[in-house]
Amino acid sequence: MPRHFITGAEPSPDELRALLDRALALKQAPFASNALARRTVALIFQKPSTRTRVSFEVGIVELGGHPVVLRTEDLQLSRGETIRDTALVLSRHVAAIGIRTGPDELVRELAEHATVPVINMLTVGHHPCQALADLLTLREAFGRLEGLTLAYVGDGNNVARSLAIVGALAGVKVRVASPPGFALEPVAGAHLSTDPAEAVAGADAVYADVWVSMGDDEATADERRAALAAYRIDDDLLDLAASHAIALHCLPAHAGEEITAEVLYGARQRIWDQAENRRHAQKALLEFLLRAP
Ligand code: CP
Ligand code: NVA
3 MPRHFITGAE
13 PSPDELRALL
23 DRALALKQAP
33 FASNALARRT
43 VALIFQKPST
53 RTRVSFEVGI
63 VELGGHPVVL
73 RTEDLQLSRG
83 ETIRDTALVL
93 SRHVAAIGIR
103 TGPDELVREL
113 AEHATVPVIN
123 MLTVGHHPCQ
133 ALADLLTLRE
143 AFGRLEGLTL
153 AYVGDGNNVA
163 RSLAIVGALA
173 GVKVRVASPP
183 GFALEPVAGA
193 HLSTDPAEAV
203 AGADAVYADV
213 WVSMGDDEAT
223 ADERRAALAA
233 YRIDDDLLDL
243 AASHAIALHC
253 LPAHAGEEIT
263 AEVLYGARQR
273 IWDQAENRRH
283 AQKALLEFLL
293 RAP
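Just add 2 to the spot in the sequence shown (first one is 1) and you have the working numbering.
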């Protein structure tokens, strides 16, 4: 049975620690691994992407492999071929399959039928590859993860959920502050509230994501922005965190909405390191999944 990475809860805490150690090593020596020599990884994109696509494509090449990017319209999937048949055929050709899509159920079905590892590159419910890079960024900033506090402020969405799940695995205390109607469901270990100031108080990292995600109804976008207006990360909110606190954002950002330009480009952010760390974390993830029995 292949190992998959669907919600981010799949590795053990020890495996996650080793994976992040390996990501740090690969960041220092990007061409040190040939884990994918002469092998191919399929990357299915049913939604737009800048970071995920580029970091996976480049990372696979750095591992000696070859990425095949498949947009929805390139696949017979768009003409009614089943996800089961797609999984069976791709598994005969490639070493692993990454997929970015809407429904979590579709990724679970792909993994059920694939005989190679499946990686969730973002669904409505989860964004575990992002959370891996976020943990790597925290490790770099603080030299450890256990006992750190990360405050996520905003919509209780895929990014919030993955931070809560993967953060708990790493011993990071995740607080999520969202307005009524936008709350994350309870996740073991995560502290949920409606108060951004309470969530951020004394935190080591403060995290923002967009107020309108891919797949959210554009017709209600203005209502979402109004409901989330008090959940913006600005310098005043950041001042409530620990004096050494860093600001994080998975990107793409909307400066002036969920984060101010002052924070996004300021001295306290590690956001652009975070974007780079996608590549290093995912290379370690690919090595881990392909090595697993
Ligand atoms: N953070 C992230 O996943 O970015 P993309 O949507 O550009 O891949
Ligand atoms: N929550 C956002 C994350 C983008 C990387 C979305 O799903 O669109």
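All C-beta atoms in this analysis are idealised placements derived from N, C-alpha and C, irrespective of residue type, glycine included.
With respect to the C-alpha of H193, the residue from E111, D211 and R163 having the closest C-alpha is R163.
For K29, the CB contacts under 7 Å within the same chain, skipping 5 residues up- and downstream, are H282 in chain order. V212 sits in coil when the DSSP states are folded into three classes, being neither helix nor strand. In the DSSP assignment, L21 falls outside any beta strand (DSSP E) and lies within the alpha helix (DSSP H) extending over P15 to Q30. In the structure shown, the three-state DSSP call for I8 is coil.
Spanning the alpha carbons of E83 and D136 requires a straight line of approximately 35 Å.
Excluding its 5 nearest sequence neighbours in each direction, G61 has C-beta neighbours in its own chain below 6 Å: R281, Q284 and K285, listed in chain order.
By the neighbour-count criterion, in which a residue is buried when 16 or more other Cβ atoms sit within 10 angstroms of its Cβ, V91 is exposed. The DSSP-derived three-state label of G100 is strand. Around D211, the same chain offers Y154, G156, D157, N159, V161, A162, H251, C252 and E260 as residues with beta carbons nearer than 8 Å, after the five sequence neighbours per side are excluded.
Between V126 and T42, the gap from beta carbon to beta carbon reaches 9 Å or more. By the 16-neighbour rule on beta-carbons within 10 angstroms, W213 is buried.
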